[in-house]
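Before any comments, here is the structure.
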Amino acid sequence: MTEAAAARATRRITYSRFVAWAKVILPLVALGILSTIFLISHRIDPNSGIPFAEANLDVEALIRDQRITNPTYAGMTSDGTMVTIAAYTARPDREDPGHATAENVLARLEEPGGAETVVTAPTGIVDTGAKTLRLSGGVDVNRSDGYEMHAPTVTALLDVGQLDATGPVDGRGPLGTLQAGAMQVFRQKTGGDGGGENYRLVFTEGVRIVYQPKAPEERKTP
């Protein structure tokens with residue numbers, strides 16, 4: 000056997016021994032790491048392990064009132080409209096778990112075509128059974144197509160992405176100021192049976208529009 004062949008044989012034997020030892024040592028090392036983590040986890044000071052231990056939290060009030068801080072709900076309607084609801088706090092009804100009262104509510108409807116409706120209100124009542132959100136206390140409805148409306152109450156049908164506002168409703172739009180007894184934002188089919196669906200904003204019950212034409216653009220001087 001030449002010296003080169005002997006060296007190769009020696010390397011093969013050394014590598015085989017390394018693999019055999021690795022099969023034994025590596026599992027033991029992993030077990031040691033896991034046991035170390037387990038032991039350390041039992042030595043942590045529970046007071047120092049809470050990142051907000053120094054915060055001034057009224058825990059008893061949270062338990063008594065069953066408040067949920069910064070709750071967020073997100074879902075999608077059958078036509079692909081994204082519905083997002085956020086609030087500062089929410090408090091479930093003790094007698095009816097399907098109802099909850101929320102404060103400082105923001106609801107957002109993002110339509111498949113890109114249009115967006117943002118609704119804000121001081122208070123809201125969620126009914127999970129009926130899939131509705133009733134907003135009150137003075138509700139602002141702002142749409143990306145230029146409408147900024149205000150109503151005392153607005154009911155959102157979460158499963159279909161519809162808004163029903165009870166009057167008096169007032170605000171501004173692309174044509175000027177608007178006043179009405181009621182307002183709806185809902186889906187409507189277009190183009191017959193084969194057409195798609197678009198969202199419509201409809202004012203009813205004594206609609207009054209004060210037209211305010213836009214000022215013509217100033218001509219550019221050469």
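Sequential numbering from 0 applies to the sequence shown in numbering that gives the first Met the number 0.
For each residue, glycine too, the CB sits at the ideal point set by N, CA and C.
Just so we're clear, the structure is a prediction, and the values are computed from it rather than from any experiment.
Please classify residue i as buried or exposed, where buried requires at least 16 other C-beta atoms within 10 Å of its C-beta.
| i | result |
| --- | --- |
| R142 | buried |
| M75 | exposed |
| T71 | exposed |
Cβ atoms of residue j and residue i: under 8 angstroms apart, would you say?
| i | j | result |
| --- | --- | --- |
| L156 | T131 | yes |
| G137 | P151 | yes |
| M148 | V125 | no |
| E110 | Y198 | yes |
| I208 | G175 | yes |
| P121 | E94 | no |
Could you compute how far the alpha carbon of residue i sits from the alpha carbon of residue j?
| i | j | result |
| --- | --- | --- |
| G123 | T100 | 6 angstroms |
| T68 | E115 | 26 angstroms |
| A129 | T83 | 17 angstroms |
| D163 | A181 | 8 angstroms |
| Y210 | L134 | 29 angstroms |
| Q161 | Y146 | 16 angstroms |
| M81 | R90 | 24 angstroms |
| S239 | D144 | The structure shown does not extend to residue 239, since the chain is modelled only from 0 to 221, so the question has no answer here. |
| T88 | R66 | 6 angstroms |
| T154 | T127 | 13 angstroms |
Is residue i close to the ligand PLP? I mean its beta-carbon at under 7 angstroms from any heavy atom of the ligand.
| i | result |
| --- | --- |
| E110 | With respect to the ligand PLP, the structure offers nothing, as it holds no ligand at all. |
State the beta-bridge partners of residue i as determined by DSSP.
| i | result |
| --- | --- |
| L156 | T131, Q161 |
| Q211 | DSSP, once it has assigned bridges, lists no residue as partnering Q211. |
| E115 | E109 |
| T203 | A181 |
Tell me which residues share the same chain as residue i and place their Cβ nearer than 6 angstroms to its Cβ, disregarding the 5 neighbours each side in the sequence.
| i | result |
| --- | --- |
| G79 | P111 |
| L105 | A85, T119 |
| V117 | R107, N141 |
| V206 | A179 |
| F202 | A179, M182 |
| A73 | T83 |
| D158 | K130 |
Might you give, ordered along the chain, the residues of its own chain that have their beta carbon closer than 8 angstroms to the beta carbon of residue i, omitting 5 neighbours on each side?
| i | result |
| --- | --- |
| D92 | H98, A99, T100 |
Residues in the same chain with beta-carbon distance under 7 angstroms from residue i, minus the five sequence neighbours each way, listed in chain order, please.
| i | result |
| --- | --- |
| T165 | A150, P151, T152, A181 |
| Q187 | E196, N197, R199 |
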